[in-house]
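Novice: In the numbering used here, the protein residues as written are 4 to 101.
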Ligand SMILES: [Zn+2]
Ligand SMILES: [Zn+2]
């Protein structure tokens, strides 16, 4: 199992570089070239999951499957929520829903 990169640590500071949304923590292996809100394009599974969670939280998950356009729309929305820290905003949303 790989370890989080320094960039991963910055993205998931509360969890030492891991995305803990799933049963087993996933190390973030992003690099400085990644966008602020990486959706896993670099091969980072942690951020890929993060993006999937965003889609779930915003009701986009079902739309993601069929078309490329839907995926692009979701990516766009994901990248343009720039006011808050990437991981925190999604966690907050989840907690509010409980
Ligand atoms: Zn990452
Ligand atoms: Zn990345």
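From the three backbone atoms N, C-alpha and C, an ideal C-beta is built for every residue, glycine too.
Looking at residue 58 and ligand 3, is the gap between the Cβ and the nearest heavy atom below 7 Å?
Specialist: No copy of ligand 3 appears in this structure; the ligands present are ligand 1 and ligand 2.
Novice: Residue 103: beta carbon under 7 Å from a heavy atom of ligand 1?
Specialist: As displayed, the chain neither begins before 4 nor continues past 101, which places residue 103 out of reach and without an answer.
Novice: Out of curiosity, what's the CA-to-CA distance linking residue 23 and residue 48?
Specialist: Rounded to the nearest angstrom, the two C-alpha atoms are 12 Å apart.
Novice: What is the DSSP secondary structure of residue 21, reduced to helix, strand or coil?
Specialist: strand
Novice: Would DSSP call residue 28 helix, strand or coil?
Specialist: coil
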